[in-house]
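Colleague:
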Amino acid sequence: MFSFLFALFLAVSAENPVCQSRFETAEELYKSIVLHPDDISVRRQYLKKYGNCISEESIKIIEERNIVIVEELDCSNPLDGIEFFFRNKKLCSRSVTFHPSKKVFTAKKNSAPVSIPENWKHIETAETMLFYDSTAKFGENSDTTGQILTKSEDGIFTNHLGKVIHPEFVYSNGNWEKVFPLREFFSLSIGKDDSFELRIITENQLPYEQKELFELIGIKSDKTEEPFFAPSSVSLKGKGLKGIRIPKTEYLTDSESDHGTYKISLNYTELQKKEAVTAKTENYELNIIFSDGSLEAVLTVFVKKLTPEDAVKIRATVNREIPSFFVQTAK
C-alpha cells in the first residue's frame, strides 16, 4: 500500500501550483541560479523546493525567465544524480542543471524519454544529446560554445586561432548537425609515370627536419621535393619511390578523445582487389574497400573514448588487411 500511495503522490505532485511556474515566488533562488548556475548547493536548493515536481522518469526541459532548466529523474543509471531515493524498491535519482540565456547546450545521453518545449529540438550521438532553440539564430559553422569554426576540404575543424578542434555538433546550412572530424589521414598515390604524392594528417608531433621526417616514415626514393608543412599535416612529392612505411594503428589510453574519422588511402598498381571488410558496432564503424590498384580504409568512432576491447579488434583488423610497407620490386 505504501508504494501505491507514494506513486500516487508523485503523480499528483506535478499538478501542485508551485510546479506550474518555478520562479514566481522564488526570487532569491532565481538570482542565485543566474549568478551561480553550476553551484551544487544552488542545485540542491532547487531540488529541495521543486524536487517533488520531478515525478516522471524523463529528461525534461523547462524555460523560465530566460533560464533553461534541465530536470531529470533516472532509475536506470542513477549514480550521476544529486538527490537519491527508492521507488518501487529501485534506486532512483533526481538532478537538475541550469543554462542561463543559453539557446544551445549538450547533455549526457541516457535512455529516459525527452520532454521539451515546442520551440526546442534535440539530436543525439552515441553518448551526447544536443538541445537547441529552433527559433534562435546561430552563426554559420559555429559549435555549441558559439565559436565559429573553419572546416578544411579534408574535414579538419579549426578555430579563429588555427587550433584544431574536435566538435561533436556544428551549425551548418540552417541546421545543427552531428560531425565526425578528421583525426588521422595517410594517403599515398603512385602514378604510372613513377611520380608519387604523400599526404599525412596527424595529431602526433611531426619533425620539421627533413632527415628526421624521412627516418620516421622510412621513405626512400630517387627524388623527393621539399616537404610542405601545414598545421598537423605534411605533403610530399617525388619520383621513383623505392619504399615507405605505412602507419599502423595505435591505441593511446591517455588521449582525451577518440571521436572522429581516421582514413588510410593507398593507390598503386600492386594492390589487388579482394572482398571488402566491414565492422559496425554502437561505438564505431570500420570499412576497408579494395579494388585493383587502390585501398580505402575509413574508421569512424562514434563515442568519446573507445574501450580497450574495441581498440584491440580494430587494430587487429587494420594491421591484418593493410600492408605494413610499400616496397618497389626490381623491374
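In numbering that gives the first Met the number 0, the protein residues as written are 0 to 330. Using N, Cα and C, we set each Cβ at its ideal position, and we do this for glycine too.
(1) Please check if any C-beta of chain D sits within less than 9 Å of the C-beta of S54.
(2) Rounding to the nearest angstrom, what Cα-Cα distance links V33 and R93 in this structure?
(3) Measuring straight from C-alpha to C-alpha, what distance separates N318 and E295?
(4) Count the C-beta pairs between the region 283 to 303 and the region 196 to 209 that are closer than 8 Å, then say yes if the count reaches three, no if not.
(5) Report the option in I287, Y283, P322 whose CA atom is closest to the CA atom of A310.
(6) Terminal residues of the continuous alpha helix (DSSP H) containing A315?
(7) Looking at C-alpha atoms only, which residue of E26, C91, E71 is the closest neighbour of R64?
(8) Grouping DSSP H, G and I as helix and E and B as strand, with all else coil, what is N266?
(9) Would you decide whether H98 is buried or exposed? Buried here means 16 or more other CB atoms lie within 10 Å of its CB.
(10) Less than 7 Å between C-beta atoms, sequence neighbours within five positions excluded: which residues of the same chain meet that for S2?
(11) For V326, which residues of its own chain have a beta-carbon under 6 Å away from its beta-carbon, when the five flanking residues on both sides are left out?
(12) Threshold first: 4 residues or longer. Then list the alpha helix (DSSP H) segments lying entirely within the region 185 to 255, N to C.
(13) So what's C52 in DSSP terms, helix, strand or just coil?
(14) Evaluate contact between the region 107 to 116 and the region 133 to 152, counting only Cβ atoms and requiring at least three cross-stretch pairs below 8 Å.
(15) N118 to S133, Cα distance in whole Å?
(16) Looking at C-alpha atoms only, which residue of S54, T260, L28 is the closest neighbour of P112?
Modeller: Based on what the coordinates show:
(1) Although the question refers to chain D, the structure presented lacks it and comprises just one protein chain.
(2) 21 Å
(3) 14 Å
(4) no
(5) Y283
(6) 307 to 320
(7) E26
(8) strand
(9) buried
(10) Confidence is the limiting factor: at S2 the pLDDT is only 41, short of 50, which leaves the residue's position unreliable, though a coordinate-based value still follows. Contacts found: N87.
(11) G242
(12) 209 to 216
(13) helix
(14) no
(15) 6 Å
(16) S54
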